[in-house]
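Those sequence lines, one after another, are chains A and B. Following the numbering used here, the numbering of the first sequence begins with 568 at its first residue and continues without gaps. Following the numbering used here, the numbering of the second sequence begins with 3 at its first residue and continues without gaps. Working notes for the structure below.
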Amino acid sequence: MTPSVLVERVNHHFGAGESRNQVLFDNSFEVAPGEFVVMTGPSGSGKTTLLSLIGALRSVQDGLVEVLGRSLAGLPAAELVAMRRNIGFIFQMHNLFDALTAYENVKMAMQLGGCPRSEMAERGHRMLERVGLGERADYRPRALSGGQRQRVAVARALVNRPRLVLADEPTAALDKESSGIVVGLLKDLAVEDRCTIMMVTHDSRIVRIADRIITLVDGVVTSNVALREALVICEFLKSIELFHGLSAVEITHLAERMTKRRYAKGEVVVRQGDPGDEFFLVGAGRAAAYVAHPGEAESQAALFSSGDFFGEVALMGGGVRNATVRALENLETYVLGRGDFRAALDLNAAFNDQIIRAYFQRH
Amino acid sequence: MAKVLPRSLPVPARLSSRRTDRAERPVPLARRLLLAHPGRLARSISGIAFAILLMMVELGFRDGFIDSMLLPIRALDADVVLLSDGKYQFDRPAPLSRRFLYEAEAVSGVASVRPLYAARTGALWKNPQDRRRFIVQVFAFDPDAPVFALPAVTANLAALRLPDTVLVDRRARDFLGTAENGTRTELAGRRVRVASTFSLGPDFFTDGTVLMGDRTFLTFFAATAAGEAAPPGPVAPVPGLADVEAGIVKAAPGRSPEALRRALRAALPKGVDVLTKPQLLAREAAFHASVSPVGPVFGAGTLVGFVVGMLIAYQTLFSDVSDQLPQYATMKAMGYASPRLAAVVLRQAALYAAVAYGPAWILCALLFRLVSDVALMPVQMSLSLTLITAALTLAMCLAAALVALRRLFSADPAELFR
Numbered sequence: 568m569t570p571s572v573l574v575e576r577v578n579h580h581f582g583a584g585e586s587r588n589q590v591l592f593d594n595s596f597e598v599a600p601g602e603f604v605v606m607t608g609p610s611g612s613g614k615t616t617l618l619s620l621i622g623a624l625r626s627v628q629d630g631l632v633e634v635l636g637r638s639l640a641g642l643p644a645a646e647l648v649a650m651r652r653n654i655g656f657i658f659q660m661h662n663l664f665d666a667l668t669a670y671e672n673v674k675m676a677m678q679l680g681g682c683p684r685s686e687m688a689e690r691g692h693r694m695l696e697r698v699g700l701g702e703r704a705d706y707r708p709r710a711l712s713g714g715q716r717q718r719v720a721v722a723r724a725l726v727n728r729p730r731l732v733l734a735d736e737p738t739a740a741l742d743k744e745s746s747g748i749v750v751g752l753l754k755d756l757a758v759e760d761r762c763t764i765m766m767v768t769h770d771s772r773i774v775r776i777a778d779r780i781i782t783l784v785d786g787v788v789t790s791n792v793a794l795r796e797a798l799v800i801c802e803f804l805k806s807i808e809l810f811h812g813l814s815a816v817e818i819t820h821l822a823e824r825m826t827k828r829r830y831a832k833g834e835v836v837v838r839q840g841d842p843g844d845e846f847f848l849v850g851a852g853r854a855a856a857y858v859a860h861p862g863e864a865e866s867q868a869a870l871f872s873s874g875d876f877f878g879e880v881a882l883m884g885g886g887v888r889n890a891t892v893r894a895l896e897n898l899e900t901y902v903l904g905r906g907d908f909r910a911a912l913d914l915n916a917a918f919n920d921q922i923i924r925a926y927f928q929r930h
Numbered sequence: 003m004a005k006v007l008p009r010s011l012p013v014p015a016r017l018s019s020r021r022t023d024r025a026e027r028p029v030p031l032a033r034r035l036l037l038a039h040p041g042r043l044a045r046s047i048s049g050i051a052f053a054i055l056l057m058m059v060e061l062g063f064r065d066g067f068i069d070s071m072l073l074p075i076r077a078l079d080a081d082v083v084l085l086s087d088g089k090y091q092f093d094r095p096a097p098l099s100r101r102f103l104y105e106a107e108a109v110s111g112v113a114s115v116r117p118l119y120a121a122r123t124g125a126l127w128k129n130p131q132d133r134r135r136f137i138v139q140v141f142a143f144d145p146d147a148p149v150f151a152l153p154a155v156t157a158n159l160a161a162l163r164l165p166d167t168v169l170v171d172r173r174a175r176d177f178l179g180t181a182e183n184g185t186r187t188e189l190a191g192r193r194v195r196v197a198s199t200f201s202l203g204p205d206f207f208t209d210g211t212v213l214m215g216d217r218t219f220l221t222f223f224a225a226t227a228a229g230e231a232a233p234p235g236p237v238a239p240v241p242g243l244a245d246v247e248a249g250i251v252k253a254a255p256g257r258s259p260e261a262l263r264r265a266l267r268a269a270l271p272k273g274v275d276v277l278t279k280p281q282l283l284a285r286e287a288a289f290h291a292s293v294s295p296v297g298p299v300f301g302a303g304t305l306v307g308f309v310v311g312m313l314i315a316y317q318t319l320f321s322d323v324s325d326q327l328p329q330y331a332t333m334k335a336m337g338y339a340s341p342r343l344a345a346v347v348l349r350q351a352a353l354y355a356a357v358a359y360g361p362a363w364i365l366c367a368l369l370f371r372l373v374s375d376v377a378l379m380p381v382q383m384s385l386s387l388t389l390i391t392a393a394l395t396l397a398m399c400l401a402a403a404l405v406a407l408r409r410l411f412s413a414d415p416a417e418l419f420r
């Protein structure tokens, strides 16, 4: 599946000559369609620069930035402008024209999006209704509250049904209720239209609903965590007796070290007699362990499903695999290497919140 | 978290139809931005209208000046005019030998060639009421060969055959006094009787015009022209008028003035300028518009108005763009190309021009009416003046917008991510 956003080995500088200053260092990550990504990090860490590169607002200097399947590197200014029409932008300030009504502000976006004129009114008003401003379509921004104005800006960004929305602190100036509406709307859009949302924010409330958190520190992506996935892994790890002694922070570190690995139905995950150097946690699908005794037919010894694990015996004992594990259907596993597994064992806590906080406060 | 409203809500029929109507047209952003701040709009419009008024007044006065200088020429009953080639301006004396008129008469297609005499030096007119003296412009001709197509003149040709009898311009400036049939006063130190009046009007150099027969003219001015005092006493014979100011040529029926001009040009020596009446009018207008100091002075005034208006319009548009800079940057981020946004600013400039032009036009028309009544200047809001000033106003505002666009182009959408 083509990622919505692909960033590979991206560097970026500001200035020239002696005042040339590098702000992004060799960053790589990708974002899948429909993901709700939160970018966070301290001020000056480069997250807005990265967002502006993805939004085709700056030219890519070094590395690859691919947005919606199209590389932005080397694109002339006119094509960057055209590319931006596929992206919805939401800024910290609503930047609405005070001289226009809420509907007209939204219509300004529709005039770009190739929406037939006959459909503009219907689509524009439906979008305003969707953000809760259907009755205020004819209001000027000055007559709206801060939250309502930002919702108009959201409607303007979303009315052309973009496949990617870039938002920079969209809730920074909003109260809790307005913030909830704006974020909820964005989340709905991500789910229903498989629209990718990338949002720079310091609002910990938003982090709860993110699918992925990308953290930048000093121009470097220091953490790129698929949050939902990580939460699932953490839940699984927490339930494993081996790791009962670990704190939430340690569990998150451990989960972060696990890599996802998929197996097709019938594929061998581990083979009896092979060296045991990895620990497996089943995320989704089913697998079975088969033991073969000399001169006898292979027999099923165990069945694994979501949340089950295997491979720990060989790791703990330092021996070889005592069974062969095969995928009974498409299997998704999280794999931990020997070193990390041993470290976790050597280390010998309302769980979700601690983990979320741990991820969010990592920088 | 607050609940997000449902995706689709029914649209009331009344609202729906209204929406459809409104959606037919693009958002009139330029007009809305213009009307967003009525107070500021009023101030901007006042400033721009003042500059437009300045341009209108300058150009109107220039046109009025030129028009007034053309009044005597317009009044001539001529198809072609013969002048000395040293006569660079119609009201400047440059005598032409009468013999050229005789030569012209021999050219095929000429119906008549009539002499026109003129005098300004020594033409002191005594106000019949307060006895003060002022210089006037005097034209003279043979009453049997009239040269002016003025009905009041044609009706009083017989009176001009009488000695010391004149016709007086009733549109002359007030300080020349009131003259009517039978009024007696003095011209060039001699007693004259006013037989009647006609309507012509003063110009920038002349406060009034007096017409007389050639015999009277000879008596009054022939010697003066030779640098001597005009001899008092009986009228001298007309043949003494060896020089004329202009030869007024009428074409024979069916002969075009231009063809006649070419024929006369070919027949007459270099020292004679041969012009059709429209050519003379054009040459005279061009002289005053560009050669005489008066035209350039008004041109400079117009330029000042243009520059002042441009500065005001620039200041206004610069402020407008600056106020909306984050919005314009957002539009750029959304995918609006700079030329499309520039078109908004240019449209705004054109609207400023259109809105300011109306009040300026009305004010100027009122001012011209006042000036025309008080100063007897032929100034008016003519169609050409309207079109020229409208074009200048548009150019002024668009030029200001082009400069103000630098501000728009400086809007960087990347700066919106902070």
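All C-beta atoms in this analysis are idealised placements derived from N, C-alpha and C, irrespective of residue type, glycine included.
- Could you have a look at Thr615(A) and say whether DSSP puts it in helix, strand or coil? Looking at Thr615(A) - three-state DSSP - the assignment turns out to be helix.
- Message: Below 8 Å on C-beta distance, what does Thr332(B) contact in chain A?
- Response: Near Thr332(B) (Cβ distances below 8 Å), the residues of chain A are Phe656, Phe658 and Asn662.
- Query: How long is the line joining the alpha carbons of Leu794(A) and Ile780(A), rounded to whole angstroms?
  - Reply: If you take the alpha carbons of Leu794(A) and Ile780(A), they lie about 6 Å apart.
- Note the first and the last residue of the continuous alpha helix (DSSP H) segment covering Glu879(A). That run of the alpha helix (DSSP H) goes Glu879 to Gly884.
- Going by beta carbon distance, what residues of the same chain come within less than 6 Å of Ala623(A), once the five residues before and after it are set aside? Leu639, Leu647, Met650 and Arg651, listed in sequence order.
- Query: Which term fits Val837(A), buried or exposed, when burial requires 16 or more other beta carbons within 10 angstroms of its beta carbon?
  - Reply: By the Cβ neighbour-count rule, Val837(A) is buried, with 16 or more other Cβ atoms within 10 Å of its own.
- Counting only the same chain and skipping the five closest in sequence on each side, list residues whose C-beta sits under 8 Å from that of Leu752(A). Around Leu752(A): Arg697, Val698, Arg718, Val721 and Leu725.
- Item | Start-to-end residues for the beta strand (DSSP E) that takes in Gly904(A) | From DSSP, the beta strand (DSSP E) with Gly904(A) extends over Leu898 to Gly904.
- Item | Leu270(B) to Val149(B) span [Cα, whole Å] | Inter-residue distance for Leu270(B) and Val149(B) is about 21 Å (C-alpha atoms, whole angstroms).
- Query: Along the chain, which unbroken stretches of the beta strand (DSSP E) at least 3 residues long are found entirely within the stretch 172–214 of chain B?
  - Reply: Runs of the beta strand (DSSP E) lying entirely within the stretch 172–214 of chain B and spanning at least 3 residues, in chain order: 186–189 and 192–200.
- Let me know if Gly884(A) comes out buried or exposed under the rule of 16 or more other beta-carbons within 10 Å of its beta-carbon. The residue in question, Gly884(A), is exposed, as its Cβ has fewer than 16 Cβ neighbours within 10 Å.
- Message: Counting only C-beta atoms, is Leu741(A) closer than 8 Å to chain B at any point?
- Response: Chain B contact via Cβ: absent.
- At what residue ranges does the stretch 614–678 of chain A contain a whole run of the beta strand (DSSP E), taking only runs of 3 or more? The stretch 614–678 of chain A is shown to contain whole beta strand (DSSP E) runs of 3 or more residues at 629–634 and 654–657, in chain order.
- Item | Closer than 8 Å at the beta carbon, the chain C residues around Met765(A) | No chain C is part of this structure, whose protein chains are labelled A and B.
- Task: Starting from Leu126(B), follow the beta strand (DSSP E) in both directions and report where the run begins and ends.
- Result: Leu126(B) -> beta strand (DSSP E) spans Leu126 to Lys128.
- Item | Reduced DSSP secondary structure (H/G/I, E/B, other) of Lys832(A) | Note: Lys832(A) maps to coil in three-state DSSP.
- So, Leu733(A) versus Met765(A), is the Cβ gap smaller than 8 Å? Yes, the pair counts as a contact, with Cβ atoms nearer than the cut-off.
- Query: If you follow the beta strand (DSSP E) that Ser114(B) is part of, which residue opens it and which one closes it?
  - Reply: For Ser114(B), the enclosing beta strand (DSSP E) stretches over residues Val112 to Ala121.
- Minimum C-alpha distance to Gly191(B) - residue among Lys128(B), Gly88(B) and Arg408(B): The residue with the shortest Cα to Cα distance from Gly191(B) is Lys128(B).
- Item | Amino acids of chain B, ordered along the chain, whose beta-carbon sits closer than 8 Å to that of Val666(A) | Sequence check: residue 666(A) is Ala here, not Val. The contacting residues are Leu31, Arg34, Leu35, Leu37 and Ala38.
- At a CB-CB cut-off below 8 Å, which residues of chain B make contact with Arg652(A)? Arg652(A) reaches chain B at Met336 and Gly337, counting residues in chain order whose Cβ is nearer than 8 Å.
- Task: Check Tyr359(B) in the structure and name its three-state DSSP category.
- Result: If DSSP states are grouped into helix, strand and coil, Tyr359(B) belongs with the helices.
- Message: Please classify Leu372(B) as buried or exposed, where buried requires at least 16 neighbouring CB atoms within 10 angstroms.
- Response: Residue burial annotation: Leu372(B) is exposed, with fewer than 16 other C-beta atoms found within 10 angstroms of its C-beta.
- Query: Would you say Val632(A) and Ile621(A) are within 8 Å of each other, going by their C-beta atoms?
  - Reply: Closer than 8 Å, so yes.
- Message: Is the beta carbon of Pro145(B) closer than 8 Å to that of Gly215(B)?
- Response: Closer than 8 Å, so yes.
- Residues bridged to Ala401(B) (per DSSP): Answer is none; Ala401(B) lacks a bridge partner.
- Any residues in the stretch 397–417 of chain B with a beta carbon nearer than 7 Å to a beta carbon of chain A? Which ones, in chain order? Residues of the stretch 397–417 of chain B whose Cβ lies closer than 7 Å to any Cβ of chain A, in chain order: Pro415 and Ala416.
- the stretch 301–329 of chain B: which residues have C-beta closer than 8 Å to a C-beta of chain A, in chain order? So the close ones are Gln326, Pro328 and Gln329.
- Euclidean distance between Cα positions of Asp325(B) and Arg709(A): In a straight line, the C-alpha of Asp325(B) is about 15 Å away from that of Arg709(A).
- Query: Where does the unbroken beta strand (DSSP E) through Tyr857(A) begin, and where does it stop?
  - Reply: That run of the beta strand (DSSP E) goes Ala854 to Val858.
- Item | Range of the contiguous beta strand (DSSP E) that encloses Lys252(B) | Counting along the chain, the beta strand (DSSP E) containing Lys252(B) begins and ends at Ala248 to Ala253.
- Query: Nearest chain B C-beta to Asn578(A) closer than 8 Å, yes or no?
  - Reply: Not one chain B Cβ lies under 8 Å of Asn578(A).
- Query: By Cβ distance, which residues of its chain are closer than 6 Å to Ala80(B), with the 5 residues on each side in sequence left out?
  - Reply: Contacts found: Ile250 and Lys279.
- Item | Rounded separation between Leu410(B) and Lys754(A) - CA only | Leu410(B) and Lys754(A) have their C-alpha atoms some 34 Å from each other.
- Item | Cβ neighbour criterion (16 or more within 10 Å) applied to Ile425(B) | For residue 425(B) there is no data in the structure shown, the boundaries of chain B being 3 and 420.
- Around the Cβ of Gly862(A), are there at least 16 other Cβ atoms within 10 angstroms (buried) or fewer (exposed)? Gly862(A) should be labelled exposed.
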